[in-house]
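Trainee: Please read through the structure below; I'll follow up with questions.
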Amino acid sequence: MKLVYSAEVAAARRTLKPLVALETSVLAQGLPYPHNVEAAKRCEAAVRDEGAIPAPMAVIDGQLFVGLDAAQTRLLVTGKNLMKIGSRDLSIAVARKATGGTTVSATCEMAAEAGIFVFATGGIGGVHHGDQFDISQDLAAIARFPVAVVCAGAKSVLDLERTLELLETLAVPVVGIGTRELPGFYTRETGLKLEHQVDDPSEAAEMIRARRDLKQGGMVFTLPPPQKTALKQAEVEKHVKAALALAKKKKIEGKAVTPFLLSEMVERTKGKTLAANLALLENNARYAAKIAVAFGWR
Ligand code: PSU
Ligand code: MN
């Protein structure tokens, strides 16, 4: 895989500075302008604050970038018709010289190739509700590539119970940070129990190292979203139900489902989920950086 490193990420690799991978589908498809600009800024600042270097990934004109300069970031937050690039889209994007944001799956794949072990996102994809068969490729990618994903759980619009079951099937460890309850992305609570908990970044780093040494795939660390902007489960459930019904009515399909549901949630909660999303993205980036610093190089 031919990766193009930004000057800053290349320097970090030479000087063995800890790196944190960041996805960009959240910028290109997940959040509306100008909130996506704010998200990128807050995440990168949080990573730097903790002494690590942010490595946002994207595909630009068919080239696989690890680390983006200001003009490239600008393109991803303002560009029209940007591709949503998961693992399965990478080869197509390269062949077609396309430009787009990478989802969790493609970002895991590129991070693994770059030797980056820690990755921060908002919420991972997972098993969707309903009797259609819609499962995000994020899960298979996390199972396959040796990257630890720090997130606020799987996105609230998903079937979280089934998502946890499938992660077990795929032999992906899911570890709570400071709690044994799975957070629900916009919510701190879900009632779903996790088997394991870590209470500080070095414990998480030890687990990543052990999994790496076993030559297994990636893993998931879940961090409850910040109290101040978190929503209550009952409120989220009500709006998710309505958003799912509308998606069905409008026959929203395939990779458009997740962006549609997220933007519906923003409207239905009058922006509350947007504030929650920005806060949890920053929170996850910060904790991921702490883990990356504790992990060090090899
Ligand atoms: N988390 C967010 N916003 C997002 C996403 C995650 O807070 O937009 C994106 C991620 O890039 C994730 C993708 O990988 O949604 C999952 O999409 P799908 O369900 O189509 O696999
Ligand atoms: Mn899907």
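Numbering-wise (our numbering), the sequence shown opens with residue 7 and increments by one.
All residues carry an ideal CB built from backbone N, CA and C; glycine is no exception.
Can you tell me which of the three DSSP states residue 266 falls into?
Mentor: Reduced to three states, the DSSP call for residue 266 is helix.
Trainee: Can you confirm whether the stretch 48–56 touches the stretch 282–300 when touching is taken to mean that 3 or more C-beta pairs between the two stretches lie within less than 8 Å?
Mentor: Contact holds: three or more Cβ-Cβ distances are below 8 Å.
Trainee: Straight-line CA distance for residue 55 to residue 296?
Mentor: Between residue 55 and residue 296, the C-alpha separation is close to 10 Å.
Trainee: Curious, which full-length beta strand (DSSP E) runs of at least 3 residues does the stretch 159–184 contain?
Mentor: If we require 3 residues or more, the beta strand (DSSP E) runs fully inside the stretch 159–184 come out as 180–183.
Trainee: Tell me the DSSP bridge mates of residue 124?
Mentor: Its beta-bridge partners are 154.
Trainee: Looking at the ligand PSU, does it come within less than 7 Å of residue 42, judged from the CB to the closest heavy atom?
Mentor: Result no, Cβ not under 7 Å from the ligand PSU.
Trainee: Hey, how far is the Cα of residue 200 from the Cα of residue 210?
Mentor: When rounded, the distance between both Cα atoms is 15 Å.
Trainee: Would the beta-carbon of residue 220 fall within 8 Å of that of residue 192?
Mentor: For residue 220 and residue 192, no; Cβs fall outside 8 Å.
Trainee: Cα separation between residue 88 and residue 285?
Mentor: Using only the alpha carbons, I get a separation of about 24 Å.
Trainee: Report the CB separation of residue 156 from residue 148 in whole angstroms; it is logged as a contact under 8 Å.
Mentor: Not really, about 12 Å apart at Cβ, beyond 8 Å.
Trainee: Consider the C-beta atom of residue 273 and the heavy atoms of the ligand PSU; say whether any pair is separated by less than 7 Å.
Mentor: No; taking the cut-off as 7 Å, the Cβ of residue 273 has no heavy atom of the ligand PSU nearer than that.
Trainee: Please name the residue in 158, 17, 190 and 185 whose C-alpha comes closest to that of residue 243.
Mentor: Comparing Cα positions, the closest option is 190.
Trainee: Does the stretch 72–91 come close enough to the stretch 124–136 to have 3 or more Cβ pairs within less than 8 Å?
Mentor: The stretch 72–91, when compared against the stretch 124–136, does not touch it at the 8 Å Cβ threshold.
Trainee: On the three-state DSSP scale, how would you describe residue 238?
Mentor: Three-state DSSP puts residue 238 in coil, outside helix and strand.
Trainee: Pick helix, strand or coil for residue 11, following the three-state DSSP scheme.
Mentor: Note: residue 11 maps to strand in three-state DSSP.
Trainee: Out of curiosity, what's the CA-to-CA distance linking residue 69 and residue 27?
Mentor: Approximately 17 Å between the Cα atoms of the pair.
Trainee: Skipping 5 residues on each side, what residues in its chain have a beta carbon closer than 6 Å to that of residue 117?
Mentor: Once the five neighbours on either side are set aside, the close Cβ partners of residue 117 are 27, 125 and 153.
Trainee: Quick check on this structure: which residue in 270, 188, 94 and 8 has the alpha carbon closest to the alpha carbon of residue 249?
Mentor: The shortest C-alpha separation from residue 249 is found at 270.
Trainee: Should residue 59 and residue 8 be called a contact, given that it needs their Cβ atoms to be closer than 8 Å?
Mentor: No, Cβ-Cβ distance for residue 59 and residue 8 is not below 8 Å.
Trainee: Does at least one heavy atom of the ligand MN sit under 7 Å from the Cβ of residue 263?
Mentor: Checking the Cβ of residue 263 against the ligand MN gives yes.
Trainee: Could you tell me if the beta carbon of residue 95 falls within a distance shorter than 7 Å of some heavy atom in the ligand PSU?
Mentor: Incorrect: residue 95 has no Cβ contact closer than 7 Å to the ligand PSU.
Trainee: Alpha carbon to alpha carbon, what distance is there between residue 159 and residue 32?
Mentor: Each residue's Cα considered, the two are about 15 Å apart.
Trainee: Does the distance between the C-beta of residue 142 and the nearest non-hydrogen atom of the ligand MN fall short of 7 Å?
Mentor: At least one heavy atom of the ligand MN is nearer than 7 Å to the Cβ of residue 142, so yes.
Trainee: Is residue 161 near the ligand PSU - that is, is its Cβ less than 7 Å away from at least one heavy atom of it?
Mentor: Yes, Cβ of residue 161 sits closer than 7 Å to a heavy atom of the ligand PSU.
Trainee: Taking 7 Å as the cut-off, does the CB of residue 268 come closer than this to any heavy atom belonging to the ligand PSU?
Mentor: Yes; taking the cut-off as 7 Å, the Cβ of residue 268 has a heavy atom of the ligand PSU nearer than that.
Trainee: Could you pull the start and end residues of the beta strand (DSSP E) that residue 66 belongs to?
Mentor: Segment 59–66, the beta strand (DSSP E) holding residue 66.
Trainee: Pull up the distance between the alpha-carbon of residue 3 and that of residue 12, whole angstroms please.
Mentor: No information on residue 3 is available, as it lies outside the stretch 7 to 304 that the chain covers here.
Trainee: Beta-carbon within less than 6 Å of residue 111's beta-carbon, same chain only, minus the 5 sequence neighbours each way: which residues are those?
Mentor: Same-chain partners within the cutoff: 92, 93, 143, 144 and 147.
Trainee: Quick one: grab the DSSP three-state call for residue 278.
Mentor: Note: residue 278 maps to helix in three-state DSSP.
Trainee: Relative to the alpha-carbon of residue 203, which residue among 196, 179, 222 and 218 has its alpha-carbon at the smallest distance?
Mentor: Nearest C-alpha to residue 203: 179.
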